[in-house]
Structure formats: C-alpha cells, structure tokens
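Chains A and B supply the protein sequences, listed in that same order.
The first sequence begins at 240 in my numbering and counts up one residue at a time.
The second sequence begins at 23 in my numbering and counts up one residue at a time.
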Amino acid sequence: MKKILAILIIAIVLCAPVFAGGKKEAAAAEKDYTAMTFDQLVEEAKAEGEMVFYTWWGENHWVEAGKEFEAKYGIKTKVIVGDAQANANKVISEGKQASGTIDAMMIGGDYLKPVMDLGLFYPDTYKVLPDYEKLAPNLREYVEGIKNNGELVPLYRNQTGILYNPAKVKNPPQSWDDLVAWIKANPKRFGFNDPSKGGSGQSFIHAAIGEICGGLDKYRGDKELDPAKTANWNLVWDWMNSMEDYWTYTTSNNDSISRVNSGEFWMTIAWDDDTQVNLKKGSLFKDAVLYVPEFGLAGGGDCAGVVKNSENKAAALLFLHFLTTPEQQIKMNERIGSYLARTDAKGKMMLLPEEQRQNNGVAWIPAPYKVEFINQFVKNVLMK
Amino acid sequence: MNLYTEQVLKRRRRIIAIVTAFFIVMQLLWVFVPVIFAVLWSLVDPDHPWSYPDAFPKSLSLEQWKYVFEYTNILRALATSYTIAPLATLLAFILSLPTAYALGRKKFIGKQIVSNLILLPIILPGMVVALFLSRVFSILGLSQKFMGLVVGHCLMGMPFMLKILTTSFASIPQDIIDAAENLGADTWAKIRHVFIPMVLPGLFAGTIFTFITSLEEFNLTFVIGTPSFETVPTILYSFLGYHFIRTNAAVVSLILMVPNIIMLLIAERMMKTDYLSASLGKM
C-alpha cells in the first residue's frame, strides 16, 4: 500500500509540470488600438502571438478558421467550443480579474444583457475594425434589443422558419390561423422545443405572443421589462395549455429536426443553419423544406466581442476582423449554413430565399421580454 | 414421485425457463439496442441520410468519426479526464478517511451539522459552486493548473466518498471491535482485520461515485480549467447539449463507452463476494 501511495505521489509531482498550463501573470498594458493603422494592429497582434476564442457550436468552421488565421498571421489560436451559458458565466466570473483567460467570445442574445451591463467587452471594437460598417446594420445597433454600442462584431445572421416533410404536407400554412388549423387537423405531427433549450421554440412563442397579445411593436425599444405590457400573456399560456394534446414539446432545436427526420413530426420550427447542418450530416432527408411563413418568425444573428481584460486584445481584434472578411464569411456559410453578416458578399448555401428572409423575418423583441416569456412558459405551461 | 407431481414440476420448470429467457432477452434489448443504434448513427453516410421509413442506414461511412477526431481534442481530453479522475479519487479518499472515521465512530457536538454541510457541494447547483470556487482557486493560484483541477474534482467528489465511508464506519458493530480487543488485537490488528474488511465495500462504492463524479464534472472544469485543459465533458457539452446532433453524439458516446466498459470490468473483478462476506464478518 505504502509503495503504491509513494508511486502515485511521485506520479502526481511528475505529471503536474507536464499538464501545467496557465496564462501570463500580468495583463498587458492597455494600448490605444484606435490610434493604430491596420498594419500596426497586425504587428501588435503578431507580437502577442496567441489568442483564445470561445464559442458554443459550429466547431468545424471556427476550428478551421482558427487554423487558417494561425497559418496567415502565425498567431497561435485556440478555439474552445463550450456551452453558451457556461461561456457567459465564465467571462462574468473572470470579469474582476486583471486578466482573464478568454480573449474573444461569441455570445448569444439570451446571455448578452448581464455581460453588457457589467461592461466586459472592449468598447472601441467598431473604431478598430476596418470593415465594421460593412456588417449587418441591424446587429450593429441592437442584438435582441440590447444596444450593441459597437462593442460586438456581427458574425452571422440566421432565421427561424417552418421545416416540413413535403411528402406529408402539401399546402404549408402561411397565416397563423392556417397553421393552428393544420396543427389541430394533424394531432401530434407538430412540435417545437422547450424555449429554455433553444431559439426555435422561442420563435414560436414569440409569434404566438404577437398574434394573441396585440402585436410585437409595443415591446420595441424597451430596455427594461414593462410589466403592464406582459399582463395579458396569460392568454398565450391558456391557449398553449389548451393545445397540449395537439403538439409535442421537444428538448432542443435539433431534437425537433430529428423528429421530422424520424417521421414522428411532419412539421416543426427550425433554424436555417441547424437545418443546413443536419442536411450536411445525413441526419435529415434531403427533400425537407424550410420556409418563413407570411405571419413571420423571428430571426437575428450572433455576435462576438473582445473581452476587456484580455491579454491579447490586438490578436483578438484581428481574429474578429479575419472572421468577417468576405472569404471567411463565404466559408462559414458553406460549412455551417449560417447566413453572412457581411452585406457586401453573398454565400452559396441559400436555404431560404433572400426575399422571404427580408419580407417575413421578424426581429426579436428586447431580451428582457424574451427572458420573461421563457420563464413564464416554463412556469405556466411546462410545469402545469 | 407420481405422474401428477412430475407434470407440475415440469410445467413449473418450463415457466421459469420462459420467464428467465424473457428477462434475459429484455435485458439484452435494453442494453444492446441503444448501443446498436449509436453504432449505426455514428456510421451514417452524410450523403445518404438515415430517415423514416428506412430501418437501417442506406450507406455507411466513417465520415462522422473523422469529423469528431478532426474538430475536437477528444483524445487529449480523454487522457486528461482519466488522469484527473484517479488522482482526485485518491485525494478524496485520503482526506475523507479521518473525517469519516470521526463522523462514523465518535460523538461530538455539531456532528449532525458537519454531516449535512458536507453535502453542500452536491446540493447547490454546479455552476454556483464553480463560480464561488473559481474566485478562491484564482486567489490560491490554482486556476488553469492541473493540480487545481485535481483539487476541484476531489472537492466535488468528496461528499460521496465521505458520506459512504461514514456510513460504513458507523455500521461496524461495536461487538466485533470489543471481541477483537478481548482477543488481544492492537490498533493495527483492528484496522487490518476489522475496519478495512468492513469498510471495503463502502470504500469501493465511494471510489466509484467519486471517480464518476470526476469524469462527469463540467462546470468547475470549464471555469477554472479551460482553455488550458479540456476534459471529456467540456467537449461533450457542445455535442450533447444545446446543439445535440445524433451523428456526432453517437460517435462521442461510443468513444466514452470504451474506457467505461474497461472500468466496469475492473470493478466487476474487484467486487468479489469475499469482500461482501468480509463486511459481514464471515471471512
């Protein structure tokens, strides 16, 4: 026993330096990147020599982009594909430290508010990136109702729609009433995910609130939740409870798509990029159709920011610039199906016609309302 | 034995055989069907989707496996996970042993409170514990350090080790200890012949729980370990969580299954009946 213990202790001591990681102790002195030319920024980034990017999906694109960035600039790039909420928690937990371990991160609208409120992103990103003005204007101003302030770089746009099996659905519904009638005529052939587990379910509830509670315009522009405007949401929950026998709740965006593929559902709500990924992976039949109905479904996109206490800000800024170059945007569209954030370039993977996206896509209501309807749905529908 | 009794016995044997066969078949289905489906999903050819009404994929390929190995650090993560888990388990055992003995065999004021406080790390939500601990680890210089992860995993697994060992110590009948003393056993003899055999099943159960807790620990590892260290759960979250895609999830599950099967076989060997009989004083 003693021998085993001794061997193990020696092993721990020997292994520790092998596995030991860690960042530089002190944060780099704050530099004025806005005063630098692009070439100076590149030199500064090269001098930093490394950067870490956190994201939560689409690993094939971000990892490949990381490799290509490293090959082009010689800057060692590490991509961590974690969990959207855990990424936000980590950056918040490191917020008060002189230097954090995340240099740049992608952040979804659901987790943006606390991070922006704490001022954890480098504020002058828009002044440093040369092509910032060429990125999606809607995401440059607000991300799900949260003011961007130019701190966040739009990386892609995406859109929810109705995904259906054309062999089973001959006349896909365009109006809300048609959709409800179809769901009632085909019990348990429609489903959407728990909104706390993904945006496609949120999009359906978003549409229901708009249809049942008098439109979505009244919520626009609010920075905080106005309880008076949510007072009649009980109508939505009552209606949803009455529809329980006609539809099924799924556990994630992709679970809904899987159930269309397995024949259980004939129709669901799905993201365009998730649909594209499933088509590419062989987990969705090739003739599945996605469209945005005339009554409108939510769409938006995701952004990335440079973390304020990063030691490698120049490298992080350069990486975000690299991700938004036309070449990388087109590659992203091919690899993960997300639509380009860049407005002066076009992708080849067009699951949804641009006209449909423009005419029927609806912007999300501000995040405080979104958080509220997710909580209320869980409490008043799922837990009932 | 008359003819009637013989017929009854025969019928009974047949019923038992049918019931046994039924349960064996059900067990096999229960265990193997998900594994078979995982294997099939992991081999789906991206160009030929596996969709309803096909019972099996039309075409098989290794593309899904190539994808996971190409875009994740799964092998390195496996090595890190299976290095941390035994060390964290050993550390948890060393730290738990004296506390468990005191809680199981001694009487002192506040024993119940200590007993309940021990469970805090598993009662509180994982991310809450991780965020609180991350600050402490940062101050102690343990963030982004291998030893920090061993200590962190040990803390998360210790409640299981401690609770089970405490119960094991508490359940040793005082009569046996008294008998050993009456027969002239010194402290070392009591440890060897009474305590160790009697707590061994508990120690084994605690080890399994702590080991598995370490293998599955995500929150603390993510906050204090990444980006320097990635363990299997930090990679799994992107495949099995928010963006669950069957093909990728099947590959990752199967990769995880291999070391776990090896571990179960080792556990099976260790779980010899003499340990159990030893715990009942029949060795």
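Note that beta-carbon positions come from the ideal geometry of N, C-alpha and C, so glycine has one too.
Environment of residue i [buried if 16+ CB atoms lie within 10 Å]
i	result
A:G460	exposed
A:K462	exposed
A:K263	Summary for A:K263: the model assigns pLDDT 47, below 50, so the residue's position carries little reliability, and this model does not support an answer.
A:F443	buried
A:V319	Note on residue identity: the sequence assigns Ile, not Val, to residue 319 of chain A. A:I319 is buried by the Cβ-count criterion.
A:Q597	exposed
A:D278	exposed
B:Y26	exposed
A:L590	buried
B:D208	exposed
A:A406	exposed
A:K519	buried
A:V382	buried
B:A77	exposed
B:F45	exposed
B:F130	exposed
B:T105	buried
A:P592	exposed
B:Q134	exposed
B:P195	exposed
Residue i - partner residues in DSSP beta bridges
i	result
A:A543	A:M345 and A:V392
A:V318	A:F292
A:G600	A:L536
A:L374	A:R581
A:N432	A:T489
A:Q398	A:G538
B:L82	B:V66
A:I385	A:V382
B:F226	DSSP lists no partner for B:F226.
A:V403	Per the sequence shown, residue 403 of chain A should be read as Tyr rather than Val. Its beta-bridge partners are A:M506 and A:V528.
B:F130	Partner(s): none; B:F130 has no beta bridge.
A:F360	A:V546
Spatial distance of residue i from residue j (CA atoms)
i	j	result
A:K585	A:I508	25 Å
A:N517	B:N270	11 Å
B:T188	B:T111	16 Å
A:K587	A:I451	37 Å
A:L556	A:D494	35 Å
A:N222	A:L455	Coverage of chain A is limited to positions 240 through 623, which leaves residue 222 of chain A absent and any answer about it impossible.
A:L368	A:Y361	12 Å
B:M149	A:E283	36 Å
A:F624	A:P426	As displayed, chain A neither begins before 240 nor continues past 623, which places residue 624 of chain A out of reach and without an answer.
B:N204	B:P143	42 Å
A:K373	A:H560	11 Å
A:F429	A:P376	34 Å
B:P281	B:R98	14 Å
A:L391	A:I604	19 Å
A:A496	A:I575	First, the residue type needs correcting, since residue 496 of chain A is Ile and not Ala in the sequence shown. A:I496 and A:I575: Cα-Cα distance of roughly 16 Å.
B:Q166	A:C542	27 Å
B:A60	B:F261	14 Å
A:I422	A:L474	19 Å
A:D465	A:N619	19 Å
A:K570	A:H300	8 Å
A:V330	B:F154	14 Å
B:L62	B:S73	12 Å
A:V666	A:N480	Nothing about residue 666 of chain A can be reported from this structure: the residues present for chain A run from 240 to 623 only.
A:I314	A:G440	39 Å
B:T248	A:Y293	10 Å
B:V221	A:S577	57 Å
B:P147	B:M178	12 Å
A:G260	B:A289	Because A:G260 sits at a pLDDT of 44, beneath the cut-off of 50, its placement in the model cannot be relied upon, and the following sentence gives the value as read from the coordinates. The alpha-carbon atoms of A:G260 and B:A289 are separated by roughly 33 Å.
B:F251	B:G170	11 Å
A:A266	A:S338	Because the pLDDT of A:A266 is 46, which lies under 50, any placement of that residue in the model is unreliable, and the question is left without a value.
A:Q595	B:L276	41 Å
Within the region 500-573 of chain A, note down every full alpha helix (DSSP H) run reaching 4 residues or more, in order along the chain. Counting only runs of 4 or more, we get 511-520 and 552-562.
Which residues, taken in chain order from the region 323-341 of chain A, show a beta carbon closer than 9 Å to some beta carbon of chain B? The residues in question are A323, Q324, A325, N326, N328, K329, I331, S332, E333, K335, Q336, T340 and I341.
Pull out every residue of the region 257-279 of chain B whose Cβ sits closer than 8 Å to any Cβ of chain A, in chain order. Flagged, chain order: I257, Y259, S260, G263, Y264, H265, F266, I267, R268, T269 and N270.
What are the residues of the region 43-72 of chain B that lie near chain A, defined by any Cβ-Cβ distance shorter than 9 Å? Answer set for the region 43-72 of chain B: W63, V66, D67, P68, D69, H70, P71 and W72.
Scan the region 239-254 of chain B for residues whose Cβ lies nearer than 8 Å to a Cβ of chain A and list them as they occur along the chain. Correct list: F240, N241, F244, V245, T248, P249, S250, F251 and E252.
At a Cβ cut of 7 Å, what residues of the region 137-163 of chain B count as close to chain A, listed as they run along the chain? Within the region 137-163 of chain B, those residues whose Cβ lies closer than 7 Å to any Cβ of chain A are, in chain order, M149, L153, S156 and S160.
Contiguous alpha helix (DSSP H) assignments of at least 4 residues, all confined to the region 87-124 of chain B: List check, alpha helix (DSSP H) in window: nothing returned.
Residue ranges of each alpha helix (DSSP H) within the region 164-188 of chain B, 4 or longer: Secondary structure in the region 164-188 of chain B: no alpha helix (DSSP H) run of 4 residues or longer lies completely within the stretch.
Report the start-end ranges of each beta strand (DSSP E) in the region 210-261 of chain B that is 3 residues or longer and not cut off at the edges. Counting only runs of 3 or more residues that sit fully inside the region 210-261 of chain B, no beta strand (DSSP E) segment turns up.
Name, going along the chain, the residues of the region 107-130 of chain B whose beta-carbon falls closer than 7 Å to a beta-carbon of chain A. Within the region 107-130 of chain B, the residues whose Cβ lies closer than 7 Å to some Cβ of chain A are L109 and L112, listed in chain order.
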